[in-house]
Amino acid sequence: MKQGIFYGVGVGPGDPELLTMKALRTLERCPVVAAPRTKSGGALALDIVRRAVSLDGKILLPLEFTMSRDPEVLREARQKAADAVEAHLSSGRDVAMLNLGDVSIYATFGYLMDLIAERGYEAVMIPGVPSFCAVAARLGVSLTGAGSPLHILPAGGSLAEQLDLPGTKVLMKAGKQLPQAAELLWRRGLLEKAAMVQDCGLPTERVCRDLGCPPKDTGYFATIVVKE
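Note that our numbering has the sequence shown beginning at 82, numbered continuously upward.
The structure is reproduced here in structure tokens:
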């Protein structure tokens with residue numbers, strides 16, 4: 082029997098109009114759509130896709146992941162998700178796994194892609210609009226210029242060292258680090274050069290151009306752009 086193909090489909094940061102034609106055609110073609118699901122039962126990537134394409138007749142495969150940093154807990158969760166995907170691939174059904182933003186940037190799909198490839202199945206990446214590109218467009222700023230570097234950084238790293246880098250800095254998933262980031266930006270005289278967008282493209286989107294007065298209860302999907 083012919084094996085199925087495992088597709089990672091980047092769905093963009095939130096606005097369903099940012100899905101590419103290739104992403105839509107892949108979703109229309111695949112009989113199985115896999116979507117990461119939170120403990121509360123939410124599936125943000127799936128909600129975005131439903132606003133762009135009909136999933137009637139599709140097999141919906143929820144994938145449970147964990148926010149734990151325990152390597153063994155992470156490994157078990159990924160192996161379990163890979164097992165669920167492989168059950169369909171081994172029966173000849175293509176599987177499209179949804180991934181917020183792009184499938185190559187801090188993407189959950191990357192972990193499963195490696196596991197599925199190790200098991201002998203073909204994996205294909207369908208790129209999507211990265212969240213930081215959508216954030217830059219929402220802010221109306223160019224991220225780079227001639228000779229200017231661009232740094233895409235997880236906000237959970239060493240902010241003091243990150244802010245010393247030359248060029249434009251993008252701090253991903255910066256919600257929990259926002260107070261610390263705002264203080265460091267102020268100390269370095271960069272506060273006026275920074276702005277943030279939370280939940281870009283979603284109904285809950287918030288734009289903050291003054292991080293000296295940051296919003297309270299900033300969510301997980303908050304991106305800060307520091308352009309020097």
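The beta carbon of each residue, even a glycine, is placed where N, CA and C say it ideally should be. Keep in mind that this is a model prediction, so the values were computed, not measured.
With distances taken from CA atoms, which of the options is nearest residue i?
i	options	result
A218	E145, T304, S121, K120	T304
K257	G248, C294, G300, P230	G300
E286	G95, A115, A168	G95
V210	F146, G85, G91	G91
R269	L292, L244, R200	L244
P97	S135, C111, G122	S135
R118	I129, D137, F146	F146
Could you pull the DSSP bridge partners for residue i from this structure?
i	result
M253	P235
A177	Y88, V114
Q279	R287, A303
G182	G93
Determine the DSSP secondary structure at residue i, reduced to helix, strand or coil.
i	result
E145	strand
A204	strand
R191	For the record, residue 191 in the displayed sequence is Gly; it is not Arg. In the structure shown, G191 sits in a helix (DSSP, three-state: H, G or I).
I140	strand
I158	Inspection of the sequence shows that residue 158 is occupied by Ala rather than by Ile. It is helical.
V210	coil
D298	coil
A124	coil
Would you please state the rounded distance, in angstroms, between the beta carbons of residue i and residue j? I believe it to be under 8 angstroms.
i	j	result
P230	G248	4 angstroms
E167	I197	7 angstroms
A52	L292	Outside the displayed span of the chain (82 to 309) sits residue 52, for which this structure offers no information.
Suppose the cutoff is 8 angstroms on Cβ atoms and the five residues either side in sequence are ignored; what does the same chain contact list for residue i look like?
i	result
Q261	L240
Quick one: residues in its chain with C-beta nearer than 6 angstroms to the C-beta of residue i, no 5 flanking neighbours on either side, listed in chain order?
i	result
I233	V251
M82	G173
Which same chain residues, not among the five before or five after residue i, have their C-beta less than 7 angstroms away from its C-beta?
i	result
T189	P117, F146, N180
Q216	Here residue 216 turns out to be Val, not Gln, going by the sequence shown. Result list for V216: V278, C281, T304, V306, in chain order.
I86	D175, E203, V205
Y192	R159
Step through the CB atoms of chain B and report whether any lies within less than 9 angstroms of the CB of residue i.
i	result
S135	In the structure shown, chain B does not exist; there is a single protein chain.
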